[in-house]
Amino acid sequence: MLTVESLSFRYRKRDVLREIDLQVRPGELVAIAGPNGAGKTTLLRCMLNLLQPSKGRVMVNGRMLGSLSCMERACLLAYVPQDCPSKFPVTVFDMVLMGRRPYLSWRPSEEDLLKVSETLAMMGIEHLYMQEFDRLSGGQQQKVLLARAFVQEARFILLDEPTSSLDLRHQLEVMGLLRQMAGEKGVGVVVAIHDLNLAQRYSDKVAFMEKGCISRAGSPEAVMTPEAVERVYGVRVRYVSDNGRRYLIPLDATEANLISNRDIRKVQEG
Amino acid sequence: MLQIAASGTIVKYKAFVSKKIIIFILAAVLLLISIMMALNTGAAGLSVVELFSGMTMQSDYAANIFWYLRLPRIATAFLVGWGLAVSGALSQAILKNPLASPYTLGLAAGASFGAVLGIVLGKSVSGWFIPLFALMTAMGTSLLILGISRFRHASAETLILGGVAVMFLFSSMTSFVQYISTMEEVHEIVFWFFGSLSKTGWPEIGLISLMIVPACGFVMGWAWDLNIMMSGDDAAASIGINVNRLRNSGVLMVSLMTAGAICFTGTIGFIGLVAPHIARMIIGSDHRFLLPASGMLGAILVVNADILSRTIWAPQVIPIGIVTAFLGVPLFMYLLMRRTREFW
Numbered sequence: 010m011l012t013v014e015s016l017s018f019r020y021r022k023r024d025v026l027r028e029i030d031l032q033v034r035p036g037e038l039v040a041i042a043g044p045n046g047a048g049k050t051t052l053l054r055c056m057l058n059l060l061q062p063s064k065g066r067v068m069v070n071g072r073m074l075g076s077l078s079c080m081e082r083a084c085l086l087a088y089v090p091q092d093c094p095s096k097f098p099v100t101v102f103d104m105v106l107m108g109r110r111p112y113l114s115w116r117p118s119e120e121d122l123l124k125v126s127e128t129l130a131m132m133g134i135e136h137l138y139m140q141e142f143d144r145l146s147g148g149q150q151q152k153v154l155l156a157r158a159f160v161q162e163a164r165f166i167l168l169d170e171p172t173s174s175l176d177l178r179h180q181l182e183v184m185g186l187l188r189q190m191a192g193e194k195g196v197g198v199v200v201a202i203h204d205l206n207l208a209q210r211y212s213d214k215v216a217f218m219e220k221g222c223i224s225r226a227g228s229p230e231a232v233m234t235p236e237a238v239e240r241v242y243g244v245r246v247r248y249v250s251d252n253g254r255r256y257l258i259p260l261d262a263t264e265a266n267l268i269s270n271r272d273i274r275k276v277q278e279g
Numbered sequence: 065m066l067q068i069a070a071s072g073t074i075v076k077y078k079a080f081v082s083k084k085i086i087i088f089i090l091a092a093v094l095l096l097i098s099i100m101m102a103l104n105t106g107a108a109g110l111s112v113v114e115l116f117s118g119m120t121m122q123s124d125y126a127a128n129i130f131w132y133l134r135l136p137r138i139a140t141a142f143l144v145g146w147g148l149a150v151s152g153a154l155s156q157a158i159l160k161n162p163l164a165s166p167y168t169l170g171l172a173a174g175a176s177f178g179a180v181l182g183i184v185l186g187k188s189v190s191g192w193f194i195p196l197f198a199l200m201t202a203m204g205t206s207l208l209i210l211g212i213s214r215f216r217h218a219s220a221e222t223l224i225l226g227g228v229a230v231m232f233l234f235s236s237m238t239s240f241v242q243y244i245s246t247m248e249e250v251h252e253i254v255f256w257f258f259g260s261l262s263k264t265g266w267p268e269i270g271l272i273s274l275m276i277v278p279a280c281g282f283v284m285g286w287a288w289d290l291n292i293m294m295s296g297d298d299a300a301a302s303i304g305i306n307v308n309r310l311r312n313s314g315v316l317m318v319s320l321m322t323a324g325a326i327c328f329t330g331t332i333g334f335i336g337l338v339a340p341h342i343a344r345m346i347i348g349s350d351h352r353f354l355l356p357a358s359g360m361l362g363a364i365l366v367v368n369a370d371i372l373s374r375t376i377w378a379p380q381v382i383p384i385g386i387v388t389a390f391l392g393v394p395l396f397m398y399l400l401m402r403r404t405r406e407f408w
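Put into structure tokens, the structure is as follows:
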């Protein structure tokens with residue numbers, strides 16, 4: 010169980026996160042949605058101990074996150090950042106092998122090599138193993154990073170916008186793989202995500218973030234009502250059904266938003 | 065099906081790794097040839113065969129040349145090349161910057177300032193005064209840089225900017241010392257900056273290896289962590305690397321090795337920047353292989369530069385610091401032109 014308890018984070022006297030409570034059970038896929046700047050990435054970074062919360066705490070399987078060593082933490086939590094700049098060339102195989110670092114001695118064991126190549130095969134990218142990471146397409150890179158997080162064998166995986174730069178097919182594949190990891194291996198998955206249709210299709214739980222708070226959390230159907238989406242994003246939406254699945258269609262920005270835009274323009278012109 | 069595909073990948077990966085070991089064997093052979101060639105060259109005009117046959121016939125003359133002139137020179141060249149190259153590779157890794165070298169962090173400038181101060185205060189190039197000062201200022205510089213980075217989060221950018229600022233500070237302090245010193249002292253300072261491999265006897269070599277060899281071994285243990293740090297601080301931290309501690313101890317190791325390499329021999333530029341790049345072009349950027357390969361390449365470059373410095377204008381000896389660039393730049397340019405892949 011990954012638990013965030015009344016967590017607040019201040020940066021230069023500004024409250025970036027306020028009183029966040031969140032629970033992620035093993036095998037559960039939790040989507041964190043919300044407008045840009047709502048604090049999704051900051052929350053993920055706090056949950057990984059990359060940022061120190063000013064108040065509250067994060068518990069992993071009953072242990073305080075801050076009390077764990079780097080290696081202990083890596084065995085519990087894996088992270089897939091939004092992008093992965095690589096200044097020097099690395100092959101895909103070596104990149105994924107890095108995820109075995111918590112278990113690795115200087116010379117990788119047969120088990121490490123086997124886990125890496127099995128994961129590559131499972132994700133259908135074993136043919137890329139000798140390619141250089143920075144020469145892959147965005148979708149392939151995302152899959153490699155995902156593979157690296159999988160071989161880390163952490164109990165929870167946190168991902169920052171894993172689908173934002175992917176084409177349609179890769180979006181479905183990546184989310185499907187995460188769903189599969191949650192279902193088969195009992196891994197708890199936390200995804201910060203913009204695409205609400207992907208969020209409601211693949212997640213067990215959605216948390217809506219607004220101005221540093223989680224305003225609503227629960228099952229996608231309960232949380233992502235047209236009214237809630239309109240309030241959080243300032244966009245009117247409608248749901249349509251097809252083959253038993255609900256799809257969210259954005260209609261237009263709401264009046265409140267339009268007015269504020271007009272005001273901004275006036276100020277700029279005036 | 066999955067397992068067959070997986071085991072096929074493993075076999076190919078192992079073949080890929082063992083290819084690198086062949087490159088190491090070739091490099092070792094090249095290094096050995098370079099050492100033999102260096103043993104073959106010297107002012108006395110004795111060839112390596114004459115040297116060895118003289119020694120088997122218990123000739124003191126040959127033995128003296130071997131033990132007190134040629135071998136110390138080669139050992140110094142070897143250690144200095146190895147140390148500068150490994151500290152260059154380490155700087156590039158901890159700063160995640162292909163332009164980094166021991167000079168970027170201001171460590172060489174700090175060591176140089178110490179040496180210059182030693183020359184002026186000690187009134188002599190010989191003795192342990194200069195290296196002691198060089199070592200102290202190099203370590204002081206690294207503490208200064210770490211102090212700067214402690215104020216903020218110790219990011220690679222903070223370290224680079226702090227290092228460059230410190231470098232300018234030390235260069236102007238060096239200039240100031242030169243400005244107020246006498247003609248003879250300025251002459252000695254200039255000579256120290258050119259670099260020389262002839263000032264080291266066995267005790268000095270012992271001290272150099274004490275500063276370089278254990279540090280190299282230590283750094284080798286970080287190979288995986290350095291690989292992982294390449295893919296960003298956040299990602300590395302989530303895989304279990306203590307990024308700040310690795311970066312700070314990396315700076316200390318770089319300063320120790322740099323001080324060891326240049327304190328007796330003067331600033332030998334360029335090796336720290338170029339040897340890791342050439343090694344990376346040949347063997348890739350896995351630090352398990354890159355660190356020793358850089359070291360070997362640095363040693364090969366400096367040993368050969370030393371041979372050139374003593375032969376192209378014999379009996380004059382061109383300072384080693386000048387020759388390393390003459391030898392390294394064409395090699396570097398050649399590899400840069402014919403490379404088929406982007407390396408950074």
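As given, the protein sequences belong to chains X and V, one line each in that order.
Taking our numbering, the leading residue of the first sequence gets 10, the next gets one more, and so forth.
Taking our numbering, the leading residue of the second sequence gets 65, the next gets one more, and so forth.
Yeah, the Cβ is synthetic: ideal placement off N, Cα and C, and Gly gets one too.
Original post:
CA-CA distance, X:F217 and X:P44?
Top reply: Stepping through the first sequence from its first residue, residue 217 of chain X is reached at position 208. Stepping through the first sequence from its first residue, residue 44 of chain X is reached at position 35. Spanning the two alpha carbons is a distance of roughly 9 Å.
Subject >> Contact residues within the stretch 272 to 293 of chain V, judged by C-beta distance below 9 Å to chain X >> reply: From the stretch 272 to 293 of chain V, only M284, G285, A287, W288, D289, N291, I292 have a Cβ closer than 9 Å to chain X.
**OP:** Taking C-beta pairs closer than 8 Å, name the residues in chain V that X:D103 reaches, listed in chain order.
**Re:** Along the first sequence, one-based indexing puts residue 103 of chain X at 94. Ordered by position in chain V, the residues that pass the 8 Å Cβ test against X:D103 are N291, D350.
Subject >> Whole-Å CB distance - V:S98 paired with V:I347, under 8 Å assumed >> reply: Counted from its first residue, the second sequence places residue 98 of chain V at position 34. Counted from its first residue, the second sequence places residue 347 of chain V at position 283. The C-beta separation of V:S98 from V:I347 comes to about 18 Å, leaving the pair out of contact by the 8 Å criterion.
Subject >> Distance, X:Y211 Cα to V:V228 Cα >> reply: Indexing the second sequence from 1 puts residue 228 of chain V at position 164. Indexing the first sequence from 1 puts residue 211 of chain X at position 202. If you take the alpha carbons of V:V228 and X:Y211, they lie about 50 Å apart.
Subject >> DSSP-derived helix/strand/coil call for V:M65 >> reply: The sequence position of residue 65 of chain V within the second sequence is 1, counting from 1. Caution applies to V:M65, whose pLDDT of 48 falls short of 50 and renders its modelled position unreliable; the model cannot decide the point.
Original post:
According to DSSP, is X:C84 helix, strand or coil?
Top reply: Start at 1 with the first residue of the first sequence, and residue 84 of chain X comes out as number 75. X:C84 falls in the helix class under three-state DSSP.
Original post:
What does V:S295 reach in chain X if we use C-beta pairs closer than 9 Å?
Top reply: As a position in the second sequence, residue 295 of chain V is number 231, starting the count at 1. Ordered by position in chain X, the residues that pass the 9 Å Cβ test against V:S295 are P90, C93, P94, S95, V99, M104, M107, F142, L154, R157.
Original post:
Whose CA, out of V:I209, V:F177, V:L208, lies closest to the CA of V:F197?
Top reply: Looking up residue 197 of chain V in the second sequence gives position 133. Closest in alpha carbon position to V:F197, among V:I209, V:F177, V:L208, is V:F177.
Original post:
Between V:N312, V:E221, V:R352, which lies nearest to V:S82 when the distance is taken from Cα to Cα?
Top reply: Position 18 of the second sequence holds residue 82 of chain V. Cα-wise, what sits closest to V:S82 is V:R352.
Subject >> Proximal residues to V:Y398 (C-beta, below 7 Å), its chain only, five neighbours per side dropped >> reply: One-based indexing of the second sequence puts residue 398 of chain V at position 334. Around V:Y398: no qualifying Cβ.
Original post:
Within 10 angstroms of its Cβ, does X:K194 collect 16 or more other Cβ (buried), or is it exposed?
Top reply: Counted from its first residue, the first sequence places residue 194 of chain X at position 185. Burial state of X:K194 is exposed, judged by a 10 Å Cβ sphere holding fewer than 16 other Cβ atoms.
Original post:
Quick one: which chain X residues come within Cβ less than 9 Å of V:R344?
Top reply: Walking along the second sequence from the start, residue 344 of chain V turns up at place 280. Going along chain X in sequence order, the residues near V:R344 (Cβ under 9 Å) are F97, P98.
Original post:
Taking C-beta to C-beta, are X:L38 and X:A201 nearer than 8 Å?
Top reply: Translated into the one-based positions of the first sequence, residue 38 of chain X becomes position 29. Translated into the one-based positions of the first sequence, residue 201 of chain X becomes position 192. No, these two residues do not count as a Cβ contact at 8 Å.
**OP:** Give the C-beta separation of X:R109 and X:V160 to the nearest angstrom, bearing in mind that I take them to be a contact with Cβ-Cβ under 8 Å.
**Re:** Position 100 of the first sequence, counted from the first residue, corresponds to residue 109 of chain X. Position 151 of the first sequence, counted from the first residue, corresponds to residue 160 of chain X. About 6 Å separates the Cβ atoms of X:R109 and X:V160, confirming a contact at the 8 Å cut-off.
Subject >> Stretch-stretch touch, CB-based, cutoff 8 Å, three pairs: the stretch 127 to 136 of chain X with the stretch 88 to 96 of chain X >> reply: In short, these stretches do not touch, since the Cβ pair count stays below three.
Original post:
Of all the residues that make up the stretch 73 to 92 of chain V, which are near chain X by a beta-carbon distance shorter than 9 Å?
Top reply: Those would be T73, I74, K76, Y77, K78, F80, in chain order.
Subject >> Contact set between V:I347 and chain X, taken where Cβ atoms lie within less than 8 Å >> reply: The count along the second sequence starts at 1 and reaches residue 347 of chain V at position 283. V:I347 does not reach chain X, its nearest Cβ partner there being about 11 Å away, counting only Cβ pairs nearer than 8 Å.
Original post:
Within 10 angstroms of its Cβ, does V:S358 collect 16 or more other Cβ (buried), or is it exposed?
Top reply: As a first step, residue 358 of chain V is located in the second sequence; it is residue number 294 there, counting from the start. The residue in question, V:S358, is buried, as its Cβ has 16 or more Cβ neighbours within 10 Å.
**OP:** Can you give me the Cβ contacts of V:T168 inside the same chain, cut-off strictly under 8 Å, excluding the 5 residues immediately before and after it?
**Re:** Position 104 of the second sequence, counting from 1, holds the residue named residue 168 of chain V. In its chain, beyond the 5 residues on either side, S155, L159, N161, I224, G227, V228, M231 have a beta carbon closer than 8 Å to the beta carbon of V:T168.
Subject >> With 16 other Cβ atoms within 10 Å as the buried cut-off, status of V:L266 >> reply: In the second sequence, the residue the question calls residue 266 of chain V occupies position 202. With the sequence shown as reference, residue 266 of chain V is identified as Trp, and Leu is not the correct amino acid for it. V:W266 should be labelled exposed.
**OP:** Can you give me the start and stop residues for the beta strand (DSSP E) that X:R54 sits inside?
**Re:** Within the first sequence, the letter at position 45 stands for residue 54 of chain X. Careful: X:R54 lies outside any beta strand (DSSP E), inside the alpha helix (DSSP H) at 49 to 56.
Original post:
Can the beta-carbon of V:V180 be found less than 8 Å from the beta-carbon of V:I244?
Top reply: Along the second sequence, one-based indexing puts residue 180 of chain V at 116. Along the second sequence, one-based indexing puts residue 244 of chain V at 180. It is not a contact, given that the beta carbons lie outside the stated cut-off.
**OP:** Give the residues of chain X in contact with V:G152, contact being defined as C-beta atoms less than 8 Å apart.
**Re:** Here the question's residue 152 of chain V lines up with position 88 in the second sequence. V:G152 does not reach chain X, its nearest Cβ partner there being about 13 Å away, counting only Cβ pairs nearer than 8 Å.
**OP:** Give the interface partners of X:L59 over in chain V, defined as CB-CB distance under 7 Å, in chain order.
**Re:** Looking up residue 59 of chain X in the first sequence gives position 50. Within chain V, the residues near X:L59 are D298, A301.
**OP:** Mind listing the chain X neighbours of V:G304? Cutoff is C-beta to C-beta under 9 Å, in chain order.
**Re:** If you number the second sequence from 1, residue 304 of chain V lands on position 240. Those are S78, C79, M80, E81, R82, A83, C84, R110, P111, Q161, listed as they occur along chain X.
Original post:
Using the C-alpha atoms, what's the distance from X:E28 back to V:W408?
Top reply: Here residue 408 of chain V refers to the residue found at position 344 of the second sequence. Here residue 28 of chain X refers to the residue found at position 19 of the first sequence. Low per-residue confidence applies at V:W408: pLDDT is 44, beneath 50, and the placement is therefore not dependable, though the value from the model is reported in the following sentence. The alpha-carbon atoms of V:W408 and X:E28 are separated by roughly 43 Å.
**OP:** Determine, using beta carbons only, whether X:L168 comes closer than 8 Å to chain V.
**Re:** Here residue 168 of chain X refers to the residue found at position 159 of the first sequence. With a threshold of 8 Å between beta carbons, X:L168 makes no contact with chain V.
Subject >> One or two residues paired with X:Y248 in a DSSP bridge >> reply: Taking the first sequence and counting its residues from 1, the one referred to as residue 248 of chain X is at position 239. DSSP lists X:L257 as partners of X:Y248.
**OP:** Count the C-beta pairs between the stretch 309 to 327 of chain V and the stretch 202 to 218 of chain V that are closer than 8 Å, then say yes if the count reaches three, no if not.
**Re:** Enough Cβ pairs lie closer than 8 Å, so yes.
Original post:
Do we get a CB-CB distance below 8 Å when we pair X:S126 with the residues of chain V?
Top reply: Indexing the first sequence from 1 puts residue 126 of chain X at position 117. For X:S126, the nearest beta carbon of chain V is closer than 8 Å to its own beta carbon.
**OP:** Could you work out which residue in X:V13, X:L60, X:T263 is closest to X:G71 when comparing CA atoms only?
**Re:** Here residue 71 of chain X refers to the residue found at position 62 when the first sequence is read from its first residue. Comparing Cα-Cα distances from X:G71 to each of X:V13, X:L60, X:T263, the minimum goes to X:V13.
Subject >> Option in V:S213, V:A173, V:V75, V:A141 with minimal Cα separation from X:E119 >> reply: Within the first sequence, residue 119 of chain X is the residue found at index 110, counting from 1. When each option's Cα is compared against that of X:E119, the closest is V:V75.
Subject >> Residues near X:T50 in its chain [Cβ-Cβ closer than 7 Å; skip 5 each side] >> reply: Position 41 of the first sequence, counted from the start, is the residue given in the question as residue 50 of chain X. Cβ neighbours of X:T50 within its own chain (closer than 7 Å, five residues either side excluded): D169, A201.
Subject >> Outcome for V:G314 when other beta-carbon atoms lying within 10 angstroms are tallied against a minimum of 16 >> reply: By one-based count along the second sequence, residue 314 of chain V stands at place 250. Buried is the call here.
Original post:
For a contact meaning CB atoms closer than 7 Å, what does X:L122 contact in chain V?
Top reply: As a first step, residue 122 of chain X is located in the first sequence; it is residue number 113 there, counting from the start. What X:L122 touches in chain V: I74, Y77.
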